[in-house]
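Line by line, the protein sequences give chains A and B.
For the first sequence, UniProt numbering gives the first residue as 1, with consecutive numbering after it.
For the second sequence, UniProt numbering gives the first residue as 1, with consecutive numbering after it.
Some notes on the structure that comes next.
There are 2 protein chains.
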Amino acid sequence: MGLYQRLKSDLQQGRFAPGRILKQSELAEMYGVSRIPVRDALQRLKSEGWLSGHGKRGVAVPLFDPLEVEDLYLMRTRLEPLLLELAAPHLSGEILGRAEDILDRMEIGNQLEAAEIGALNREFHACLYRPAGRRTLFATVEQLHQQCERYIGYQSRGLDYQAQSQSEHYEILSALRQGEIQQATCILGNHISAAGQALVQHLRNP
Amino acid sequence: MGLYQRLKSDLQQGRFAPGRILKQSELAEMYGVSRIPVRDALQRLKSEGWLSGHGKRGVAVPLFDPLEVEDLYLMRTRLEPLLLELAAPHLSGEILGRAEDILDRMEIGNQLEAAEIGALNREFHACLYRPAGRRTLFATVEQLHQQCERYIGYQSRGLDYQAQSQSEHYEILSALRQGEIQQATCILGNHISAAGQALVQHLRNP
DNA sequence: CTTTTATAAAATGTATACATTTTTATATGT
DNA sequence: ACATATAAAAATGTATACATTTTATAAAAG
């Protein structure tokens, strides 16, 4: 696994306190590599929102910012229903079946790691979105998801909205199966919006 | 000016043919630096859509993809009116005046370079959006703008929709001054949508 | 005691050199 | 002649070494 993946995973799991300033040499030693691959990884993580450029002072682990969460979920609320609508005509019964499998897997592993739940969650949405064949839109949505995951990792320690989230997921599938596309995109929008509000509230009442 | 800026500017001006594969050593020699800063720049440009990762074979200048343009403008159509709506309460008369100044500057320099027109255009929108104080949403919108500019640079050689675009800009300002926020966001949405369609059509009829 | 300036330490940026992987060209066998 | 295997090349990834910039420290002046 590349250094980029390792570092991201560690950031995701909250192994670096928000606000902390990371130095290249420090990370190089920590992971047993030279500074060159560290630089590459940092650059990527910075452009993906996992790290914030602290000017010339290096990079910092960004603080939790409720306003950022609001923005991320606002954008998702606007973009994901659109993407689902574009994908709907291509969603065969087989694809919907695969999506349901993913949901079931989430159900089973109730004591799953936050990272794993996040991965399955993303897989579920990707399963519904990818058939649209909209690479660019899909990539942007994926990026927003990833940026959200930093907060979700934090949230999952103190908040449990999994139950509600799951039932909404099943509702979306059901609507899609019945060809109620309008209905499905509507539920999806509310689903994302609700998740965002729960997260913001949790960040403001720690 | 950093190598990142120089390379991006050259890509923007179409100095590298779409589909061309760029090698690190080649670029290093071309710009008179070592491969290290080249790598940094390539990584950033890749994550911003200016270059596409060609797997392990290096990076490639992406081909013009009408579907990508459609996606970019679809996203902008959903996000920018939202951002303008959030900014509207903070748009003082002074700010609107500055926005108009930018429009006037675009009017004057009719024979401006494509890059300069693009920069002014972005400045105009940024002027209206920044007061919302929504850093994350703003950053995403900016990124979408930048990705569009690659195509606009190409378009500007064969298509002139500047006149219509300008008049719509003035309409938006006028609506904002009258407090017709709904009206302004609506014009903006149509404005972006129309620009996207013009661009897609031009790409399909070269 | 505070502020300023000079100096040292540390961190980032860049170049060169080496290692590993991937690609291409060549040779060999069927 | 074609396919496959093999060797040479070229390209990317990484480490070490050096240069430049930035930050912290300490000394000196007000």
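Don't be surprised by glycine CBs; every beta carbon is placed ideally from N, CA and C.
* Report all residues from its chain with a CB closer than 6 angstroms to the CB of B:Leu72; omit the five preceding and five following residues, and keep chain order. => Position 72 of the second sequence, counted from the first residue, corresponds to residue 72 of chain B. Cβ within range, chain order: Leu144, Gln147, Cys148.
* Continuous alpha helix (DSSP H) stretch holding B:Asp65: start and end -> The residue you call residue 65 of chain B lines up with position 65 of the second sequence. Looking at the DSSP string, B:Asp65 is not in any alpha helix (DSSP H), and its letter there is neither H nor E.
* Taking 8 angstroms as the CB-CB limit, is A:Leu82 close to chain B? -> In the first sequence, the residue the question calls residue 82 of chain A occupies position 82. For A:Leu82, the answer is yes, since a Cβ of chain B falls inside 8 angstroms of its Cβ.
* C-beta contact flag for A:Leu96 and A:Leu173 at 8 angstroms -> By one-based count along the first sequence, residue 96 of chain A stands at place 96. By one-based count along the first sequence, residue 173 of chain A stands at place 173. Contact: yes.
* Express the C-alpha separation of A:Thr77 and A:Ile192 in angstroms, rounding to a whole number. => Indexing the first sequence from 1 puts residue 192 of chain A at position 192. Indexing the first sequence from 1 puts residue 77 of chain A at position 77. Cα to Cα, A:Ile192 sits roughly 6 angstroms from A:Thr77.
* To do: Determine the closest residue to B:Phe64 out of B:Gly58, B:Gly179, B:Leu51, with distance taken between C-alpha atoms.
  => Here residue 64 of chain B refers to the residue found at position 64 when the second sequence is read from its first residue. When each option's Cα is compared against that of B:Phe64, the closest is B:Leu51.
* With burial defined as no fewer than 16 other Cβ atoms inside 10 Å of the residue's Cβ, what is the status of B:Arg135: buried or exposed? -> For the purposes of this step, residue 135 of chain B is identified with residue 135 of the second sequence, where counting begins at 1. Classification for B:Arg135: exposed.
* Alpha carbon to alpha carbon, what distance is there between B:Arg20 and B:Glu80? -> Here residue 80 of chain B refers to the residue found at position 80 when the second sequence is read from its first residue. Here residue 20 of chain B refers to the residue found at position 20 when the second sequence is read from its first residue. About 33 angstroms.
* State the Cα-Cα distance for the pair A:Tyr205 and A:Pro66, rounded to the nearest angstrom. => By one-based count along the first sequence, residue 205 of chain A stands at place 205. By one-based count along the first sequence, residue 66 of chain A stands at place 66. The question names Tyr, but residue 205 of chain A in the sequence shown is Asn. If you take the alpha carbons of A:Asn205 and A:Pro66, they lie about 11 angstroms apart.
* So which residues of chain B does A:Met75 contact, with C-beta pairs closer than 7 angstroms? -> As a first step, residue 75 of chain A is located in the first sequence; it is residue number 75 there, counting from the start. Leu79, Leu137, Thr140, listed in chain order.
* To do: Return yes when the Cβ of B:Ala132 is within less than 8 angstroms of the Cβ of B:Ser165, no when it is not.
  => For the purposes of this step, residue 165 of chain B is identified with residue 165 of the second sequence, where counting begins at 1. For the purposes of this step, residue 132 of chain B is identified with residue 132 of the second sequence, where counting begins at 1. Against a cut-off of 8 angstroms, the Cβ pair of B:Ala132 and B:Ser165 comes out as no contact.
* Check whether the Cβ atoms of A:Glu14 and A:Gly118 sit closer than 8 angstroms, and answer yes or no. => Translated into the one-based positions of the first sequence, residue 14 of chain A becomes position 14. Translated into the one-based positions of the first sequence, residue 118 of chain A becomes position 118. According to the sequence provided, residue 14 of chain A is Gly. The question's Glu does not apply to it. Contact flag unset, no.
* To do: Would you be able to state if there are at least three C-beta pairs under 8 angstroms between the region 1 to 17 of chain A and the region 36 to 55 of chain A?
  => yes
* **Presumed contact (8 angstroms Cβ cut-off) between A:Leu103 and A:Tyr170, rounded CB distance** => Walking along the first sequence from the start, residue 103 of chain A turns up at place 103. Walking along the first sequence from the start, residue 170 of chain A turns up at place 170. With a Cβ gap of about 7 angstroms, A:Leu103 and A:Tyr170 count as contacting.
* Quick one: is the Cβ of B:Cys186 within less than 7 angstroms of any heavy atom of the ligand NAP? -> The ligand NAP is not part of this structure, which contains no ligands at all.
* Asked: Per DSSP, which one or two residues make a beta bridge with A:Leu22?
  -> As a position in the first sequence, residue 22 of chain A is number 22, starting the count at 1. Per DSSP, A:Val59.
* Measure how close the beta-carbons of B:Gly53 and B:Val61 come, nearest whole angstrom, since I'm counting them as under 8 angstroms. => For the purposes of this step, residue 53 of chain B is identified with residue 53 of the second sequence, where counting begins at 1. For the purposes of this step, residue 61 of chain B is identified with residue 61 of the second sequence, where counting begins at 1. With a Cβ gap of about 12 angstroms, B:Gly53 and B:Val61 do not count as contacting.
* Where does A:Gly196 sit, in a helix, a strand or coil, going by DSSP? -> Working through the first sequence from its first residue, we reach residue 196 of chain A at position 196. If DSSP states are grouped into helix, strand and coil, A:Gly196 belongs with the helices.
* Determine the DSSP secondary structure at A:Ser52, reduced to helix, strand or coil. => Here residue 52 of chain A is taken as the residue at index 52 of the first sequence, counted from 1. Note: A:Ser52 maps to strand in three-state DSSP.
* Asked: By Cβ distance, which residues of its chain are closer than 6 angstroms to A:Val69, with the 5 residues on each side in sequence left out?
  -> To locate residue 69 of chain A, count along the first sequence from 1; it is residue 69. Cβ within range, chain order: Tyr151, Leu199, Val200.
* To do: Answer yes or no: does any C-beta atom of chain B fall closer than 8 angstroms to that of A:Asp40?
  => For this step, residue 40 of chain A is matched to residue 40 along the first sequence. Output row for A:Asp40: interface = yes.
* Asked: I think A:Ala99 touches A:Phe124, with their Cβ atoms under 8 angstroms apart; what is that distance to the nearest whole Å?
  -> Counted from its first residue, the first sequence places residue 99 of chain A at position 99. Counted from its first residue, the first sequence places residue 124 of chain A at position 124. Between A:Phe124 and A:Ala99 the Cβ distance is about 6 angstroms, and since that is below 8 angstroms, they are a contact.
* Asked: For A:Leu86, which residues of its own chain have a beta-carbon under 7 angstroms away from its beta-carbon, when the five flanking residues on both sides are left out?
  -> In the first sequence, counting from the first residue as 1, residue 86 of chain A sits at position 86. For A:Leu86, where only same-chain residues beyond five positions count, the Cβ hits under 7 angstroms are Ala132, Arg134.
* Can you tell me the Cα-Cα spacing of B:Arg57 and B:Ser47, whole angstroms? -> Counting from one through the second sequence, the residue named residue 57 of chain B turns up at place 57. Counting from one through the second sequence, the residue named residue 47 of chain B turns up at place 47. So the two alpha carbons sit approximately 17 angstroms from each other.
* is_contact[A:Leu22, chain B] using C-beta, thresh 8 angstroms -> Start at 1 with the first residue of the first sequence, and residue 22 of chain A comes out as number 22. Taking Cβ atoms only, chain B never reaches closer than 8 angstroms to A:Leu22, which makes this a no.
* Reference B:Ile187, options B:Leu27, B:Val141, B:Leu7, B:Glu168, closest by Cα -> Numbered from its first residue, the second sequence carries residue 187 of chain B at position 187. Here the closest residue by C-alpha is B:Glu168.
* Rounded Cβ spacing between A:Thr185 and B:Met75 (contact assumed at less than 8 angstroms) -> Within the first sequence, residue 185 of chain A is the residue found at index 185, counting from 1. Within the second sequence, residue 75 of chain B is the residue found at index 75, counting from 1. Actually they are not in contact, since the Cβ atoms of A:Thr185 and B:Met75 sit about 16 angstroms apart, beyond 8 angstroms.
* Could you tell me which of B:Tyr31, B:His90, B:Arg105, B:Ala17 sits nearest to B:Tyr129, measuring between CA atoms? => On the second sequence, residue 129 of chain B is found 129 positions in, with the first residue counted as 1. Answer by Cα proximity: B:His90.
* To do: With DSSP as the reference, label B:Asn205 as helix, strand or coil.
  => Within the second sequence, residue 205 of chain B is the residue found at index 205, counting from 1. Looking at B:Asn205 - three-state DSSP - the assignment turns out to be coil, as it is neither helix nor strand.
* To do: Count the other CB atoms, across all protein chains shown, that sit within 10 Å of the CB of B:Met106; report buried if there are 16 or more and exposed otherwise.
  => Residue numbering aside, residue 106 of chain B sits at position 106 when the second sequence is read from its first letter. It counts as buried.
* Asked: Just the Cα atoms here: how many angstroms apart are B:Leu27 and B:Glu116?
  -> As a first step, residue 27 of chain B is located in the second sequence; it is residue number 27 there, counting from the start. As a first step, residue 116 of chain B is located in the second sequence; it is residue number 116 there, counting from the start. Those two C-alpha atoms are separated by around 25 angstroms.
* Evaluate A:Ala88 with the Cβ neighbour count: other Cβ atoms within 10 Å of its Cβ, from every protein chain shown; 16 or more gives buried, anything less gives exposed. => Translated into the one-based positions of the first sequence, residue 88 of chain A becomes position 88. Looking at its Cβ environment, which holds 16 or more other Cβ atoms inside 10 Å, A:Ala88 is buried.
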